[in-house]
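This note's numbering applies: residue 519 is where the sequence shown begins, and numbers increase by one.
Glycine included, C-beta positions come from ideal geometry on N, C-alpha and C.
Below: the structure, in structure tokens.
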Amino acid sequence: MGKTNSEITPETKIGTLLDRFPKLEKTFLEMAPEFKKLRNPVLKKTIARVTSLRQASTIAKIPLTEIINKLRSEAGIQEEFMTDEAVVSPSKESPAWFSP
Numbered sequence: 519m520g521k522t523n524s525e526i527t528p529e530t531k532i533g534t535l536l537d538r539f540p541k542l543e544k545t546f547l548e549m550a551p552e553f554k555k556l557r558n559p560v561l562k563k564t565i566a567r568v569t570s571l572r573q574a575s576t577i578a579k580i581p582l583t584e585i586i587n588k589l590r591s592e593a594g595i596q597e598e599f600m601t602d603e604a605v606v607s608p609s610k611e612s613p614a615w616f617s618p
């Protein structure tokens with residue numbers, strides 16, 4: 519069975535994404551300096567398990583559609599992610615566990 523777009527969604531946890539698509543780790547980590555912290559095995563096992571792509575988008579200040587579509591493309595998933603929101607504006611507050 520082929521991969522479907524529903525495997526990479528705004529609510530997908532980073533840990534789940536990297537478990538399903540190990541080849542996406544390099545792509546994901548290179549998207550933003552904040553993501554490089556996940557090279558630390560402890561952070562990868564903890565933070566990545568509870569952080570969604572939506573939250574990662576907020577932390578990195580990268581549009582959610584950009585993150586999801588790049589990951590889908592790299593995973594060989596043809597369907598693009600689109601949102602009804604005209605502008606996806608990141609929250610001003612990062613999750614409590616994130617420290618820049």
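The beta carbon of Q596 is closer than 7 angstroms to none in its chain, skipping five residues each way along the sequence. Using a 10 angstroms sphere on the CB of T576, the tally of other CB atoms reaches 16 or more, which defines it as buried. K541 is not a Cβ neighbour of L547, given a cutoff of 8 angstroms. Going by DSSP, I586 is part of the alpha helix (DSSP H) stretching over 582-593. T530 counts as buried, since no fewer than 16 other beta carbons sit within 10 angstroms of its beta carbon. Proximity to E552 across A593, R567, A574 peaks at A574, based on C-alpha coordinates. For Q573, the enclosing alpha helix (DSSP H) stretches over residues 571-578.
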